[in-house]
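Chemist:
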Amino acid sequence: MKKTISAAIGSTNFIIDEDAYARLDAYLSAFRAHLSASPDNGEVMNDLENRIAELLSASVKGEGRAVNIDMIEDVIGRIGMPDGSPYTEGGQQNAGRAAGDPATHKFYRDMDHRSLGGVCSGIAAYFNIDVTLVRVLFVILLLCGSCGFWIYMVLWIIAPKANTPTEKCQLRGLEPTYENLSKFTTTNK
Amino acid sequence: METISENVRAQMRKGVLEYCILCLLAKEDAYASSIIARLKDVNMIVVEGTLYPLLIRQKNQGLLTYRWEESPQGPPRKYYSITDKGREQLAQMDEAWKDIINTIEQIKN
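Those protein sequence lines, which keep their order, are chains C and E. Taking the working numbering, the leading residue of the first sequence gets 1, the next gets one more, and so forth. Taking the working numbering, the leading residue of the second sequence gets 190, the next gets one more, and so forth.
1. Step through the CB atoms of chain E and report whether any lies within less than 7 Å of the CB of SER29 of chain C.
2. Under 8 Å by Cβ, that's how I've got ILE16 of chain C and ALA66 of chain C pegged, so tell me the actual separation to the nearest angstrom.
3. Quick one: which chain E residues come within Cβ less than 8 Å of GLU54 of chain C?
4. When you compare the CB of GLY100 of chain C with every CB in chain E, is at least one pair closer than 7 Å?
5. If I follow the unbroken beta strand (DSSP E) through TYR255 of chain E, where does it start and stop?
6. Do ALA125 of chain C and ARG172 of chain C have their beta-carbon atoms positioned less than 7 Å apart in this structure?
7. Could you name the residues of the region 137–154 of chain C whose beta carbon sits closer than 9 Å to any beta carbon of chain E, in the order they occur along the chain?
8. Do GLU237 of chain E and ILE79 of chain C have their CB atoms nearer than 7 Å?
9. If you follow the alpha helix (DSSP H) that ILE290 of chain E is part of, which residue opens it and which one closes it?
10. Starting from LEU24 of chain C, find everything on chain E with Cβ-Cβ shorter than 9 Å and list it in chain order.
11. Report the neighbours of MET71 of chain C on chain E: residues whose CB is nearer than 7 Å to its CB, in chain order.
12. Span of the beta strand (DSSP E) holding ILE69 of chain C?
13. What residue ranges within the region 165–189 of chain C form continuous alpha helix (DSSP H) runs of no fewer than 4 residues, ordered along the chain?
14. Within the chosen definition, does the region 196–209 of chain E reach the region 36–52 of chain C through at least 3 CB pairs nearer than 8 Å?
15. Given a limit of 7 Å on CB to CB distance, which residues of the region 29–43 of chain C reach chain E?
16. In the DSSP assignment, the alpha helix (DSSP H) including ASP25 of chain C goes from what residue to what residue?
17. Of all Cβ atoms in chain E, is any one closer than 7 Å to the Cβ of SER182 of chain C?
18. Does any residue of chain C bring its CB to less than 7 Å from the CB of TYR269 of chain E?
19. I think LYS168 of chain C touches GLY118 of chain C, with their Cβ atoms under 8 Å apart; what is that distance to the nearest whole Å?
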């Protein structure tokens with residue numbers, strides 16, 4: 001017996017096995033990470049998702065069948081990475097998954113709970129402390145001089161946003177398992 | 190030895206991939222998926238991932254354009270076509286390609 005979830009890939013809805021979902025999400029993050037920084041990347045990722053939806057529709061064929069991990073592997077094998085190399089497991093994306101390995105813990109700005117730039121909420125999520133406490137500390141720093149202001153601005157500028165569920169897991173130091181990823185999944189676009 | 194020559198081939202293919210896309214689209218408009226299928230047939234690409242960033246870049250350079258076309262199954266898909274600017278670019282690439290072939294011939298003989 002396997003748990004399935006419903007996910008929108010491109011503009012199509014799929015029923016997808018949870019292990020297949022986690023695999024696809026990790027692959028998409030890796031693909032995005034391999035793109036050279038450019039404003040076109042959102043568009044590229046959209047096209048990519050639509051193509052994945054097209055391939056999956058063909059393998060699901062009609063209603064009722066869930067997308068399984070074999071179909072995802074097939075898609076990943078066909079599409080590969082932006083530089084033409086195959087997507088290999090055991091890369092950085094999966095480092096957090098092997099048993100005993102510590103999960104990746106990276107600082108991002110938490111845009112889901114932000115009031116301004118997501119810096120305080122990011123710090124709170126990173127250290128797993130109350131966001132209000134962080135905000136109060138920043139306000140105190142602000143009142144004691146411009147130091148707090150500059151710290152905030154620098155973090156705002158250099159820290160990336162946590163966009164994908166994988167990044168939100170990394171912010172909290174969680175392993176990118178299905179349960180963890182699904183906590184941060186509202187829409188799977 | 191095998192891997193070295195494979196490497197060189199991969200580099201060469203990469204260099205002419207954009208040229209190939211323009212050549213294909215100069216003949217007829219196409220979905221991304223049919224461009225991919227054509228390029229795979231002739232062993233120009235191994236995986237599809239290379240193509241998406243290229244298509245978007247060429248589109249933003251004004252060489253290609255696309256329209257949304259209904260497909261018999263599933264949601265509408267992008268249907269790519271070449272622009273006038275793309276045709277100009279293609280003509281220049283044709284010249285460059287001939288030059289390269291000539292150069293190689295000259296060096297060999």
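Glycine is no exception: its CB is placed at the ideal position from the N, C-alpha and C atoms. Treat the numbers as computed from the prediction; the structure is a model and nothing was measured.
Modeler: Reading from the atomic positions:
1. no
2. 6 Å
3. SER222, GLY263 and ARG266
4. Low local confidence applies: a pLDDT of 42 at GLY100 of chain C is under 50, so the model's placement there is unreliable, and no value is given.
5. 253–258
6. Going by C-beta atoms, ARG172 of chain C is nearer than 7 Å to ALA125 of chain C.
7. So the list is empty, because no residue satisfies the distance condition.
8. yes
9. 273–297
10. Within 9 Å Cβ-Cβ: nothing; LEU24 of chain C doesn't reach chain E, min ~14 Å.
11. Going along chain E, no residue has its Cβ under 7 Å from MET71 of chain C, so there is no contact; the nearest lies around 16 Å.
12. No beta strand (DSSP E) contains ILE69 of chain C, which is instead part of the alpha helix (DSSP H) from 69–79.
13. 165–172 and 178–183
14. These segments do not touch.
15. PHE31, LEU35, ASP40 and GLU43
16. 18–34
17. Cβ-Cβ to chain E under 7 Å: no for SER182 of chain C.
18. no
19. That belief does not hold up - the Cβ atoms of LYS168 of chain C and GLY118 of chain C are roughly 11 Å apart, past 8 Å.
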